[in-house]
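Chemist:
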Amino acid sequence: MAATCSLAERIHERYFDENEFVSEFILDASPRKKLLPRGLEMIVLNHMQIRDVGDTERLDEYMRSVRDLDLAWNDINEWEELSKLFSRLPVLSNLNLSFNPLNKMVDVTPPKMERLSTLILNGTNLPVSSIQAIVSACPSLRELHLSHNEFNIDDPSTSEQPVSETVTTIHLNHCGLRDWEHVMRLLSLFPNKRTVYLSENPITRIHTGSSHLDPATHCTLTAITLSKTEIDDWESIDHLEHFPSLQEVRLTCTPVLEKFSDEERVHMITARLEKLKVLNGSIITDEQRETSERFFIRYFQDRDDKPPHYQRLLEKHGNIEKLVKVDLTPQLKVRLKLVCEETNFKCDVTAPVNRSIAEFFRFLETQTGIQAGRMRVFHCRGENILSTTEIRPSKQAFHTTHAEDGDTFMVQSKPIVSRKRAGAPKSESSDH
């Protein structure tokens, strides 16, 4: 392969080159002209050293039916080349230009991409003003990926005007965002956002302050992801309750949750956020909410640092008795009564529950003198002689018998059945 190449050449090589058709058809599932006579609908060309579009006449033929175009990790930098490409994508729905060295300044007016609904610009480090210029050519855009970018919201070229009125889902993962005001100013440029992803940002605190920070100004926000952030105080989580439409939260791997078990984390978050309906992808049922709120009350009953939610939940549920602590440590041994009337044997023994039932039979053999193979053993639960179960030797652990302290195991010999030998001569009587 050459160091750099055009898009038209790479499409021809990958999807239409007859010499490569057979081998590539076996190795990947990319669409081919022979398979799609109406033209390609999806093109994926990552890490292909593409720098320009190349032969535009050939490109017109290739691109007329393309709906999904993925050109991530190439060498595209000129907006003039991209404008040539955009004008040849009449039905494009999804476009990925991630990790291309795009020029920071959009020096052309991009042609309209009327049907584009998803635009992925991860790792391009474009300023907000350039993103505005691109998005303005996408009147149907719904989802915008801007992860792995560094944003300077104080850049003088950044306008207060919205970047997009149509975008409802925005990805801002791993963008080095620390200050919550910075985050909110950035999100205010998308006034109709509904779902926001902010994972892997070093955000330490969620708070109020300027007009950008007022949750009421973000009234369309319904879902937010804050996993792998540096949030370390519960007041930040409480602040999420002030977003009027927020119903879904993803929050994992953050310092504030470290000392709690997975179940406790669910309870602590659910009880604090009254409007929450989905947590980490799981629907919060009415039963789950009640369980979490009762846990929250019990947790803070004897503590001095009761949060404001405590009084609200106390008024809702009233005083709740503490749960009795039950030792659920697995029992390693059980105390049993052994009885064998045939040998007049009675004894109290302690049996390890992790040994096999077959080993228990061999132990009984040493105690009763009855061979394990000729032994019948009956398990009587407690004093109830009617609750009796015969057990048989096996490799299963003894605890599978569900024996408890005080149970009785009765041992008997199997009856010996006398059988006549086949073919034995009948006895004859003679009269003399």
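In terms of my numbering, the sequence shown is residues 658 to 1089.
Every residue, glycine too, gets a C-beta built ideally from N, C-alpha and C.
Small disclaimer: the values here were computed from a predicted structure and weren't measured.
Does DSSP put Asp-895 in a helix, a strand or coil?
Modeler: Locating residue 895 in the sequence shown gives position 238, counting from the first residue. Note: Asp-895 maps to helix in three-state DSSP.
Chemist: Nearest-angstrom Cα distance between Cys-997 and Leu-989?
Modeler: Within the sequence shown, residue 997 is the residue found at index 340, counting from 1. Within the sequence shown, residue 989 is the residue found at index 332, counting from 1. Cα-Cα distance, rounded: 25 Å.
Chemist: To the nearest whole angstrom, what separates the beta carbons of Trp-891 and Ile-860, a pair I think is in contact under 8 Å?
Modeler: Along the sequence shown, one-based indexing puts residue 891 at 234. Along the sequence shown, one-based indexing puts residue 860 at 203. Going by Cβ atoms, the distance from Trp-891 to Ile-860 rounds to 15 Å, so no, they are not a contact pair.
Chemist: When DSSP labels each residue in this structure, what does Lys-994 get in the three-state scheme?
Modeler: Position 337 of the sequence shown, counting from 1, holds the residue named residue 994. Three-state result, Lys-994: strand.
Chemist: Taking contact to mean 3 or more Cβ pairs, one atom from each stretch, closer than 8 Å, check whether the segment 963-980 and the segment 1000-1010 are in contact.
Modeler: Short answer: they don't touch.
Chemist: Can you tell me which of Leu-726, Ser-804, Gln-904 puts its alpha carbon nearest to the alpha carbon of Asn-858?
Modeler: For the purposes of this step, residue 858 is taken as the residue at position 201 of the sequence shown. Of the listed residues, the one whose Cα sits closest to Asn-858 is Ser-804.
Chemist: In whole angstroms, what separates the C-alpha of Glu-1061 from that of Leu-930?
Modeler: Within the sequence shown, numbered from 1, the residue matching residue 1061 stands at position 404. Within the sequence shown, numbered from 1, the residue matching residue 930 stands at position 273. Distance between the alpha carbons of Glu-1061 and Leu-930: 44 Å.
Chemist: In the DSSP assignment, what are the bridge partners of Cys-1004?
Modeler: The residue labelled residue 1004 in the question sits at position 347 within the sequence shown. Looking at the DSSP assignment, Cys-1004 forms a beta bridge with Leu-995.
Chemist: Have a look at Leu-908 and Ser-893 and give me their C-alpha separation to the nearest angstrom.
Modeler: Taking the first residue of the sequence shown as 1, we reach residue 908 at position 251. Taking the first residue of the sequence shown as 1, we reach residue 893 at position 236. Approximately 12 Å, taken between the alpha carbons.
Chemist: Using only alpha-carbon positions, find the residue among Lys-932, Pro-848, Leu-936, Leu-759 that is nearest to Ser-884.
Modeler: On the sequence shown, residue 884 is found 227 positions in, with the first residue counted as 1. Out of Lys-932, Pro-848, Leu-936, Leu-759, Leu-936 has the C-alpha closest to the C-alpha of Ser-884.
Chemist: Taking the alpha-carbon positions, what's the Pro-1024 to Met-1032 distance?
Modeler: Within the sequence shown, residue 1024 is the residue found at index 367, counting from 1. Within the sequence shown, residue 1032 is the residue found at index 375, counting from 1. In the sequence on display, residue 1024 carries Gln and not Pro. In a straight line, the C-alpha of Gln-1024 is about 12 Å away from that of Met-1032.
Chemist: When you compare each of His-1036, Ile-788, Asp-727 to Lys-761 by their alpha carbons, which one comes out closest?
Modeler: One-based indexing of the sequence shown puts residue 761 at position 104. Nearest option by C-alpha distance: Ile-788.
Chemist: Which stretch, first to last residue, makes up the beta strand (DSSP E) that contains Ile-707?
Modeler: Working through the sequence shown from its first residue, we reach residue 707 at position 50. First-last of the beta strand (DSSP E) with Ile-707: 707-709.
Chemist: Taking the continuous alpha helix (DSSP H) assigned at Thr-948, which residues delimit it?
Modeler: On the sequence shown, residue 948 is found 291 positions in, with the first residue counted as 1. Run containing Thr-948: 943-957, per the alpha helix (DSSP H) assignment.
Chemist: Quick check: Arg-708 and Thr-661, are their CB atoms within less than 7 Å of each other?
Modeler: For the purposes of this step, residue 708 is taken as residue 51 along the sequence shown, with counting starting at 1. For the purposes of this step, residue 661 is taken as residue 4 along the sequence shown, with counting starting at 1. Yes; because the gap between Cβ atoms is below 7 Å, this pair is in contact.
Chemist: What residue range does the beta strand (DSSP E) around Asp-727 cover?
Modeler: In the sequence shown, residue 727 corresponds to position 70, counting from 1. Element bounds for Asp-727: 725-727.
Chemist: Just mark Cys-876 as buried or exposed, buried being the case when its beta carbon has 16 or more other beta carbons within 10 Å.
Modeler: Indexing the sequence shown from 1 puts residue 876 at position 219. Exposed, because fewer than 16 other Cβ atoms sit within 10 Å of the Cβ of Cys-876.
Chemist: Looking at C-beta atoms only, is the number of pairs between the segment 968-977 and the segment 1036-1051 that lie closer than 8 Å three or more?
Modeler: Counting Cβ pairs under 8 Å, fewer than three are found: no touch.
Chemist: State the CB to CB distance for the pair Leu-749 and Gly-711, rounded to an integer number of angstroms; the pair is presumed to be in contact (CB under 8 Å).
Modeler: As a working note, residue 749 is residue 92 in the sequence shown. As a working note, residue 711 is residue 54 in the sequence shown. Incorrect: roughly 18 Å between the Cβ atoms, too far for contact.
Chemist: Measuring straight from C-alpha to C-alpha, what distance separates Ala-1015 and Arg-922?
Modeler: The sequence position of residue 1015 within the sequence shown is 358, counting from 1. The sequence position of residue 922 within the sequence shown is 265, counting from 1. Distance between the alpha carbons of Ala-1015 and Arg-922 is about 44 Å.
Chemist: Need the endpoints of the beta strand (DSSP E) that Leu-801 sits in, please.
Modeler: In the sequence shown, residue 801 corresponds to position 144, counting from 1. Note, Leu-801: beta strand (DSSP E), 800-802.
Chemist: Spell out the partners DSSP gives Arg-1033 in its beta bridges.
Modeler: Here residue 1033 corresponds to residue number 376 of the sequence shown, with the count starting at 1. Its beta-bridge partners are Gln-1069.
Chemist: Indicate the three-state DSSP secondary structure (helix, strand or coil) for Thr-879 in the structure shown.
Modeler: Mapped onto the sequence shown, residue 879 falls at position 222. Reduced to three states, the DSSP call for Thr-879 is coil.
Chemist: Buried or exposed for Ser-1044, please, with buried defined as at least 16 other CB atoms from any protein chain shown within 10 angstroms of its CB.
Modeler: Position 387 of the sequence shown, counted from the first residue, corresponds to residue 1044. Ser-1044 comes out exposed.
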